[in-house]
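Chemist: Protein chains in written order, with the working numbering: chain P, 408 to 520; chain X, 595 to 708. Ideal Cβ placement from N, Cα and C applies to all residues, glycine included.
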């Protein structure tokens, strides 16, 4: 695709519900990243995929958060039993394995009410 | 532990003023360094990057940054800002061993007054 695509662009959910956020990286990009950006704060690393495996999950804040990637393409970030503190913009980025520039999507703005 | 520190959280300038945004990093190995910009309502875009070689790198829209290894710094500069430079600017490093993740600073919000 032309760029990194994320869906939905906005999501409002009730506390306690599960949500799934989707990322379509640029075709051919083997590296994929998820970040969280809380209001007024910087980008917080969540997880990194190389192909379909995740060598670094160190940023996932709790076991309510999980992510998977299939076909070295689409990735899904799942948040179970959402809490108000999960409200943030979730950003996805992708890059070529030997190209160190990451390209970002527009993000999904998650609001937990 | 790796980290990136941006000292200025909010900067307000008049058009034609010069800009310098500070960025310091902490990392024990070789780094790749970046400045990203986020214009209002848009996604993060790359301004410039440093991998190796000439420590003075030039990016888009007249921006440049200088890598000073002894100071662990990668400050962003522009000689004359425009109203359209109003945005949030993020400094980032990419680790070159292990999992190659990007570590971002907290960002600097720049407002340029017309």
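Per the DSSP calculation, residue 444 of chain P is bridged to which residue(s)?
Modeler: The sequence position of residue 444 of chain P within the first chain is 37, counting from 1. According to DSSP, residue 444 of chain P bridges with P/450, P/496.
Chemist: Does DSSP put residue 654 of chain X in a helix, in a strand, or in coil?
Modeler: In the second chain, the residue the question calls residue 654 of chain X occupies position 60. Helix at residue 654 of chain X.
Chemist: Between residue 478 of chain P and chain X, is there a C-beta pair that is closer than 8 Å?
Modeler: The residue labelled residue 478 of chain P in the question sits at position 71 within the first chain. No, residue 478 of chain P lies away from the interface with chain X (no Cβ there is under 8 Å from its Cβ).
Chemist: Can you tell me whether residue 491 of chain P is helix, strand or coil according to DSSP?
Modeler: Within the first chain, numbered from 1, the residue matching residue 491 of chain P stands at position 84. Helix, per DSSP.
Chemist: Between the region 479-496 of chain P and the region 418-429 of chain P, do three or more beta carbon pairs fall short of 8 Å?
Modeler: Counting Cβ pairs under 8 Å, three or more are found: they touch.
Chemist: Between residue 438 of chain P and chain X, is the shortest Cβ-Cβ distance under 8 Å, so that the two count as touching?
Modeler: Within the first chain, numbered from 1, the residue matching residue 438 of chain P stands at position 31. Answer yes: the Cβ-Cβ gap between residue 438 of chain P and chain X drops below 8 Å somewhere.
Chemist: Within the continuous beta strand (DSSP E) that includes residue 695 of chain X, where are the two ends?
Modeler: The sequence position of residue 695 of chain X within the second chain is 101, counting from 1. It is not in any beta strand (DSSP E) - residue 695 of chain X carries neither H nor E in the DSSP assignment.
Chemist: Using only the alpha-carbon positions, how far apart do residue 451 of chain P and residue 627 of chain X sit?
Modeler: By 1-based counting over the first chain, the position of residue 451 of chain P is 44. By 1-based counting over the second chain, the position of residue 627 of chain X is 33. Their Cα atoms are separated by approximately 17 Å.
Chemist: Could you spell out where the beta strand (DSSP E) holding residue 638 of chain X opens and where it closes?
Modeler: As a first step, residue 638 of chain X is located in the second chain; it is residue number 44 there, counting from the start. First-last for residue 638 of chain X: undefined, no H or E at that position.
Chemist: State yes or no: is the beta carbon of residue 468 of chain P nearer than 8 Å to at least one beta carbon in chain X?
Modeler: Mapped onto the first chain, residue 468 of chain P falls at position 61. Chain X, which has no Cβ nearer than 8 Å to the Cβ of residue 468 of chain P, makes this no.
Chemist: So, is the C-beta of residue 702 of chain X closer than 8 Å to a C-beta in chain P?
Modeler: For this step, residue 702 of chain X is matched to residue 108 along the second chain. It does not: the Cβ of residue 702 of chain X has no partner Cβ on chain P nearer than 8 Å.
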